[in-house]
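As structure tokens, then:
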């Protein structure tokens, strides 16, 4: 599928011709983070965390013209999905980078205000944007809910927000500034199996993150699940065969086939993304604001189940 961007800076991500890789502008701290994670075998905790981080293939340098800069080359985590439904979930209670010496006091004040005005400050997470596909699969256009909706939510509104991210096919769903529809999402039995497996994977991710000493300001959890009903049914059946259902194993484990159109693998994936303001902080413990966001999301998934 074409790479879908529901959060972040518009048009900041490109894909290779075959869609298997994404190319995004590199920042100093993000490049450092991916480089460390690519060499994470030396640390058991980082090795476990690397399963929830997009695979890093290095950098590209483009010179000349209007776009002179360095770029990160990463695996396209949507590539295995026929119709990817996805959520960009901003994590953490602190939106400013206290460890970046170039961060201005004005920007810090602005980010503190943003955290207080959204669910980030109280809940450690904010629904930045999401998309859901309609059925049948021949309908190509996903319904995108943009940033203003997620930023408008308060704590008590989050269960309704999660219902919109994970709708049950046939149930009325009121869209953001649009009419109500009943053709979005997946049948209840399929969605329930995905959410149960996703809950287990989120619990595992939180457990891993508790053992890693980093600070992640402005980072996100990207949640992707299959939006094509038939493909989702196949993926759930694959998951029921006893394969790893955490959605974090290598894509190469999903099938021996190299044909992405026929490969069957997990019906969902969870990836931490956006590390432009992420730092390793040995001796300072885990990021409690990010952990709060993960726990909030886990509770919301429990409520949806």
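Residue numbers (full-length UniProt numbering): 1 to 305.
Every residue gets a Cβ at the ideal spot worked out from N, C-alpha and C, and that includes glycine.
Distance, Cα to Cα, residue i vs residue j?
i	j	result
residue 112	residue 305	33 Å
residue 22	residue 74	5 Å
residue 265	residue 239	8 Å
residue 280	residue 180	45 Å
residue 232	residue 97	39 Å
residue 177	residue 78	27 Å
residue 141	residue 283	47 Å
residue 254	residue 106	For residue 254, the pLDDT reaches just 39, beneath the cut-off of 50, and the residue's location in the model is therefore unreliable, although a value from the coordinates is still provided. Each residue's Cα considered, the two are about 47 Å apart.
residue 62	residue 217	28 Å
residue 37	residue 104	28 Å
residue 303	residue 159	7 Å
residue 26	residue 185	34 Å
residue 17	residue 76	12 Å
residue 155	residue 109	22 Å
residue 8	residue 128	Because residue 8 sits at a pLDDT of 47, beneath the cut-off of 50, its placement in the model cannot be relied upon, and the following sentence gives the value as read from the coordinates. Those two C-alpha atoms are separated by around 9 Å.
residue 39	residue 205	19 Å
residue 53	residue 114	26 Å
residue 43	residue 32	16 Å
residue 167	residue 119	21 Å
DSSP state of residue i, grouped into three classes?
i	result
residue 251	Residue placement at residue 251 is poorly supported in this model, since its pLDDT is 40, which falls under 50; the coordinates still yield a value, given next. Three-state DSSP puts residue 251 in a helix.
residue 279	strand
residue 129	strand
residue 265	coil
residue 143	strand
residue 52	coil
residue 198	helix
residue 148	helix
residue 203	helix
residue 180	strand
residue 193	helix
residue 121	helix
residue 169	coil
residue 103	coil
residue 35	helix
What residue does the alpha helix (DSSP H) around residue i start on, and which one ends it?
i	result
residue 234	229 to 240
residue 159	158 to 165
residue 186	Element bounds for residue 186: n/a, residue is neither H nor E.
residue 223	No alpha helix (DSSP H) contains residue 223, which is instead part of the beta strand (DSSP E) from 220 to 226.
Restricting to Cα atoms, I'd like to know which of the options is closest to residue i.
i	options	result
residue 121	132, 151, 104, 131	151
residue 172	183, 162, 166	183
residue 234	190, 270, 269	190
residue 149	218, 207, 193, 87	87
residue 170	53, 47, 287, 135	135
residue 296	76, 192, 221	221
residue 124	301, 34, 165, 89	89
Enumerate in chain order the residues of its own chain whose CB-to-CB distance from residue i is below 7 Å, with the five nearest sequence positions on each side excluded.
i	result
residue 250	Any reading at residue 250 is ruled out, since the residue's pLDDT is 46, under 50, leaving its predicted position unreliable.
residue 203	298
residue 256	The predicted model places residue 256 with a pLDDT of 40, which falls under 50 and marks its position as unreliable; any figure quoted below should be read in that light. For residue 256, where only same-chain residues beyond five positions count, there are no Cβ hits under 7 Å.
residue 271	52, 53, 54, 77, 222
Can you tell me where the beta strand (DSSP E) holding residue i begins and where it ends?
i	result
residue 74	69 to 75
residue 295	It is not in any beta strand (DSSP E) - residue 295 instead sits in the alpha helix (DSSP H) that spans 288 to 304.
residue 84	84 to 91
residue 22	21 to 25
residue 215	214 to 216
Starting from the C-beta of residue i, find all residues in its chain whose C-beta is less than 8 Å away, skip the five residues before and the five after it, and write them out in chain order.
i	result
residue 2	The pLDDT assigned to residue 2 is 46, lower than 50, so where the model puts this residue is not dependable; a value taken from the coordinates is nonetheless given after this. Around residue 2: 15, 19.
residue 71	23, 24, 25, 26, 59, 60, 61, 62
Hey, is residue i's beta-carbon within less than 9 Å of any beta-carbon in chain D?
i	result
residue 201	Among the protein chains of the structure shown there is no chain D, as only one such chain exists.
Please return the same chain residues whose Cβ sits closer than 6 Å to the Cβ of residue i, not counting the five positions on each side in sequence.
i	result
residue 99	279
residue 307	Because the chain in this structure spans residues 1 to 305, residue 307 falls outside the shown range and cannot be described.
residue 30	275, 276
residue 241	none
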